[in-house]
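Asker: This is the structure I want to talk about, given as structure tokens.
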Amino acid sequence: MAPVSRYDHDNIEQKLKDTIQSLYQILVQVSAYDSATSTGTPGPSSNPQSRDVLAAELRTLTRSLQAVHAAAGVEGSLPAVPPELVHYVEGGRNPDIYTREFVELVRRGNQLMRGKQAAFASFRDVLAAEMAAAMPELRDDAARVVAATTPGLAAGGSAAAGGAGAPGGGGGGGGGPAATMGL
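So this is what it looks like as structure tokens:
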């Protein structure tokens, strides 16, 4: 998450100040509108000038709110804060603890995914070796699948070029059944 540039920050700050000023002007006009209607005869035509000024201030407020919304709606102009973090802080807890817990959760998830990937890679190699042994006519197809699904071999060329010593060759570690069979 990149910090907000100084220009964007000043621009948004000015738009917020304009909105607050519009709200203040409406407060003044409503106060004057109440006093103008209470001194004259009540009714819709009691003070058309005051009503027009109040309507103009409301239109100004609408424009300034739209400007704030447009400035805030620009993608990346304001940093995104996860709602979970907001609730965590509103509950009186330390955001650093939230960050630490989040990082630990992501690490656990990454370890789990890495383990699943290694298990599937090992299964792929064993399956390819067994298929090549049971059905020699599918040996080239099995080698192509292993090469396409092994990181480092897909971009590096053929499975024979990868071998057991190549990074990621044979599903990790010291080779495996596919590497010993030349897959």
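In the UniProt record's numbering, the protein residues as written are 1 to 183. A virtual CB, placed ideally from N, CA and C, is assigned to each residue, including glycine. Note that the structure is predicted; figures quoted are calculated from it, not measured.
(1) Could you pull out every residue in the same chain whose Cβ sits closer than 7 angstroms to the Cβ of Ala142, ignoring the five residues on either side in sequence?
(2) Could you give the distance in angstroms between the alpha-carbon of Glu104 and the alpha-carbon of Pro83?
(3) By alpha-carbon positions, which one of Glu57, Gln21 and Asp96 ends up nearest to Tyr33?
(4) Of all the alpha helix (DSSP H) runs that stay within the bounds of the segment 43–114, which reach a length of 4 or more residues?
(5) Measuring straight from C-alpha to C-alpha, what distance separates Ile97 and Gly152?
(6) Using CA atoms only, rank isn't needed, just tell me which of Ile12, Arg144 and Thr99 is closest to His69.
(7) For Pro95, which option in Val81, Gln49, Ile26 and Val106 has the closest C-alpha, if you only look at C-alpha atoms?
(8) Say the cut is 6 angstroms; is the CB of Asp52 nearer than that to a heavy atom of the ligand ADP?
(9) Figure out for me which residue from Leu23, Gln29, Ser64 and Thr60 has the closest Cα to the Cα of Ser50.
(10) Hey, how far is the Cα of Val89 from the Cα of Arg107?
(11) Indicate whether Asp18 and Ser64 have their beta-carbon atoms separated by less than 7 angstroms.
(12) Distance check for Ile26 and Thr62, CA to CA, integer angstroms please.
(13) Taking just the CA atoms, how far does Phe102 sit from Ala72?
(14) Rounded to whole angstroms, what's the CA-CA distance from Ala118 to Val145? Just pull it up for me.
(15) Since Lys116 and Ala67 should fall inside the 8 angstroms C-beta cutoff, what is the C-beta to C-beta distance between them, to a whole number of angstroms?
(16) Using the Cβ count rule (16 or more neighbours within 10 Å means buried), how would you classify Arg124?
(17) For Val53, which residues of its own chain have a beta-carbon under 6 angstroms away from its beta-carbon, when the five flanking residues on both sides are left out?
(18) Thr60 and Ser31: beta carbons closer than 7 angstroms?
(19) If you count every other CB in all the chains shown that lies within 10 Å of the CB of Ala55, and 16 or more means buried, which is it?
(20) In chain order, which continuous runs of the beta strand (DSSP E) of length 3 or greater are located wholly inside the segment 116–158?
Answerer: Taking the geometry as given:
(1) Ala128, Met131, Ala132 and Leu183
(2) 19 angstroms
(3) Glu57
(4) Note on the segment 43–114: whole alpha helix (DSSP H) runs with a minimum of 4 residues are 48–73 and 83–90, in chain order.
(5) The alpha-carbon of Ile97 is positioned some 38 angstroms away from that of Gly152.
(6) Ile12
(7) Val81
(8) Questions concerning the ligand ADP fall outside what the structure shown contains, since it holds no ligand whatsoever.
(9) Gln29
(10) 23 angstroms
(11) yes
(12) 12 angstroms
(13) 27 angstroms
(14) 16 angstroms
(15) Incorrect: roughly 49 angstroms between the Cβ atoms, too far for contact.
(16) buried
(17) Gln29
(18) no
(19) Taking a 10 Å sphere around the C-beta of Ala55, we find fewer than 16 other C-beta atoms and assign the residue as exposed.
(20) Counting only runs of 3 or more, we get nothing.
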